[in-house]
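Number of protein chains: 2
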Amino acid sequence: MIARGALHVSSAVLAEKLGLDPVLARKDLAMAGVPGKPRRGYPAKDLEQAINRALGWDNVIDAALIGVGSLGQALLGYCGFEEQNLSIAVAFDSNPGLNGLTIRNVKVRPPTDLPRLVSRLNIRLGILTVPSSAAQECADLMVRAGIVGIWNFTNVQLSVPKGVTVQNVDLAQSLAVLSHAITQK
Amino acid sequence: MIARGALHVSSAVLAEKLGLDPVLARKDLAMAGVPGKPRRGYPAKDLEQAINRALGWDNVIDAALIGVGSLGQALLGYCGFEEQNLSIAVAFDSNPGLNGLTIRNVKVRPPTDLPRLVSRLNIRLGILTVPSSAAQECADLMVRAGIVGIWNFTNVQLSVPKGVTVQNVDLAQSLAVLSHAITQK
């Protein structure tokens, strides 16, 4: 909307575009702390800034990726994260054949280097793209190193200590729901 | 579990591994139609086959991908789909610079070719990886061509006719939740 020249945006319009309940959208937007004007809505750029600040997107977030297989390489090559200020700063893989390679400007290192690098670079976000069988072990390694948020692309339900947030993206499960639906048609 | 030599699996164990309610897991597994044995559970291979059949994974599902940008290319390069018998058979992009290129064995074609190819190849599943601004238009094109399931990687809430299933994978939203959580810590 900003790109199209909007100076103000209303919670009602945003709710409609996002398929959300208008009351919920209004309450959520109120948390951004930007005063809205009756009938006109929020000043669009101020609101965008406030949301970015609330999401931590006003600063670059460095992430560590474990598992430089097919999905890991795909994520390393995905430019869309830059828009959200996510930078994959380091990548790890236990395959000695990958160690030392540079993939999309990120050097692949052995997992034994993880604790030292995560601590030195003060990395708090980990991206988990290892095979299921290694998922919990690698998550434990990340948590011990000080990572407090894990973006989990495996199909494993990770157990993590309180205070660590896990966000699951299970592509296989998502595809399962879809292929089941079209198989029934 | 099968890879580790399990001959039988119980709904209770599966529920625990997946973090699901045991009663729900038992009811879901009953739908696979494989008789279980008290105390031993289901014969593991029979259950796997029945689940694959229920999900439509016993046959290769051909998919059409629209949007060969960074994410589209990442998905074209992701080998994990093969395990689930998903094959990206055709790819489309409106960028003339990409047309005719072959990326990971898939030739990129202009969207004007979509209706003919989707119909000829009897493709029912579409993968949407275009910029948000083109999402609805491309979804409409897919639906008109006969696609009944859309795997939507854009952040747009698509409106589709009844009978078309949309499965959303919003990486940006998922990352937003996670980066918000770690920003608060």
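Quick mapping for you: the protein sequence lines, in order, are chains F and L. Counting in the numbering used here, the first sequence runs from 12 upward without gaps. Counting in the numbering used here, the second sequence runs from 12 upward without gaps. We put the beta carbon where it would ideally sit given N, CA and C, even for glycine. Fair warning: this is a prediction, and the values are worked out from it, not measured in the lab.
Thinking just about the alpha-carbon of each residue, which of the options is nearest to the one in residue i?
i, options, result
"Pro33 (chain F)", "F:Ala41, F:Ser22 and F:Val129", "F:Ser22"
"Leu182 (chain F)", "F:Arg131, F:Pro122 and F:Asn166", "F:Asn166"
"Val177 (chain L)", "F:Val129, F:Asn179, F:Arg51 and F:Val188", "F:Val188"
"Asp151 (chain L)", "L:Pro107, L:Pro122 and L:Asn179", "L:Pro122"
"Gly174 (chain L)", "L:Trp162, L:Asp69, L:Val154 and L:Arg37", "L:Val154"
"Val20 (chain F)", "F:Leu40, F:Val141, F:Gly30 and F:Phe164", "F:Leu40"
"Ala13 (chain F)", "L:Ser185, L:Ser144 and L:Phe164", "According to the sequence as given, residue 13 (chain F) is Ile; it is not Ala. Out of L:Ser185, L:Ser144 and L:Phe164, L:Ser144 has the C-alpha closest to the C-alpha of Ile13 (chain F)."
"Leu18 (chain F)", "F:Lys38, F:Pro46, F:Leu31 and F:Pro54", "F:Pro54"
"Pro49 (chain F)", "F:Ala43, F:Met42 and F:Arg37", "F:Arg37"
"Leu186 (chain F)", "L:Leu29, L:Val45, L:Asn63 and L:Gly52", "L:Asn63"
DSSP beta-bridge partners for residue i?
i, result
"Ile138 (chain L)", "L:Leu76 and L:Trp162"
"Asn179 (chain L)", "L:Asn163"
"Ser98 (chain L)", "L:Asp73"
"His19 (chain F)", "F:Pro54"
"Val117 (chain F)", "F:Ile114"
"Phe103 (chain F)", "F:Ile77 and F:Arg120"
"Lys173 (chain F)", "Answer is none; Lys173 (chain F) lacks a bridge partner."
"Lys48 (chain F)", "F:Gly52"
Is residue i close to chain L? Criterion is C-beta to C-beta, closer than 9 Å.
i, result
"Asp130 (chain F)", "For the record, residue 130 (chain F) in the displayed sequence is Ser; it is not Asp. Answer no: the Cβ-Cβ gap between Ser130 (chain F) and chain L never drops below 9 Å."
"Glu94 (chain F)", "yes"
"Tyr53 (chain F)", "no"
"Gln178 (chain F)", "yes"
"Ile13 (chain F)", "no"
"Ser22 (chain F)", "no"
"Val188 (chain F)", "yes"
"Ala17 (chain F)", "no"
"Gly4 (chain F)", "The question about residue 4 (chain F) has no answer here: the residues shown for chain F are numbered 12 through 196."
"Gln84 (chain F)", "yes"
"Leu58 (chain F)", "no"
Using a C-beta cutoff of 9 Å, does residue i count as contacting chain F?
i, result
"Lys28 (chain L)", "yes"
"Ala192 (chain L)", "yes"
"Lys196 (chain L)", "yes"
"Val159 (chain L)", "yes"
Is the segment 127 to 140 of chain F close to the segment 176 to 194 of chain L, with three or more CB pairs under 8 Å? yes
Is there contact here, the segment 58 to 66 of chain L with the segment 82 to 90 of chain L, by at least three beta-carbon pairs under 8 Å? no
Can at least three beta-carbon pairs, one atom from the segment 92 to 106 of chain F and one from the segment 65 to 82 of chain F, be found at a separation below 8 Å? The segment 92 to 106 of chain F makes contact with the segment 65 to 82 of chain F; the number of CB pairs closer than 8 Å reaches 3 or more.
Please list, in chain order, the residues of the segment 31 to 44 of chain F that have any C-beta partner in chain L closer than 8 Å. none
Residues in the segment 130 to 156 of chain F with C-beta within 8 Å of chain L's C-beta atoms, listed in sequence order? Arg135 and Leu136
Taking beta-carbon pairs under 9 Å, can you tell me which members of the segment 69 to 82 of chain L lie near chain F? Asn70, Ile72, Gly80, Ser81 and Leu82
Using a Cβ cut-off of 9 Å, which residues of the segment 93 to 114 of chain L contact any Cβ in chain F, in chain order? Glu94, Gln95, Asn96 and Leu97
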